[in-house]
Each structure stands twice: as structure tokens, then as C-alpha cells.
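Chemist: Sharing a structure here in C-alpha cells format.
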């Protein structure tokens, strides 16, 4: 097996029911935590599982000029990788 195929097989997302259930739980917790954060409004949010962590995609509106995701998500996400692909709009 080539190294590329080995890497792809090793890093392929798990489709086990336990893995999917745990991922759904994390996605729900991330959504709830963002929605309950002061001054943050979630327009859309997708949480995807990636090797070693999660990827956040979507649009949020925030009163602050910067949204500190680390503090918002602290205690929920036990992942080495958090790909932040959120579009953050400043509330006017």
C-alpha cells in the first residue's frame, strides 16, 4: 500500500455509531455554547469532524470586534485541531 493510501486510511473519519453519536454531542454543545455567549448570534453553523479535531463553518454576528473561540469552547472540545472557518460579522 502506498504511503498516501496509508495516510488516507489512517485519517479517514470513523463511521461507527459511537463515533457519530459523540460527534453529534460535540456539535450540539458547540452550537449551544456559541448561542449562549454574550453578544453572539449564530446565523448558521456546521461542525465537522476532521482528523484530530473539528472544523467550524458558518456565520455568526458578534458585538465585540473579536470573538475568542478558545474561551467560548473551553471545556467542550478536547481536540488538537480546531479549524475556524467561521465568518464573524460585527453587530452594528
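In our numbering, the protein residues as written are 68 to 159.
Yeah, the Cβ is synthetic: ideal placement off N, Cα and C, and Gly gets one too.
A quick note: this is a predicted structure, and the numbers were derived from the prediction, not measured.
#1: Between the alpha carbons of residue 104 and residue 121, how many angstroms are there, rounded?
#2: If you reduce the DSSP assignment to three classes, tell me which class residue 136 lands in.
#3: Which residues does DSSP pair with residue 124 in a beta bridge?
#4: From residue 141 to residue 157, what distance separates their C-alpha atoms?
#5: Quick one: using the 10 Å Cβ neighbour count with 16 as the cut-off for buried, is residue 93 buried or exposed?
Modeler: Quick answer:
#1: 19 Å
#2: helix
#3: 113, 152
#4: Their backbone Cα atoms lie some 22 Å apart in a straight line.
#5: Its Cβ being crowded by 16 or more others within 10 Å, residue 93 is buried.
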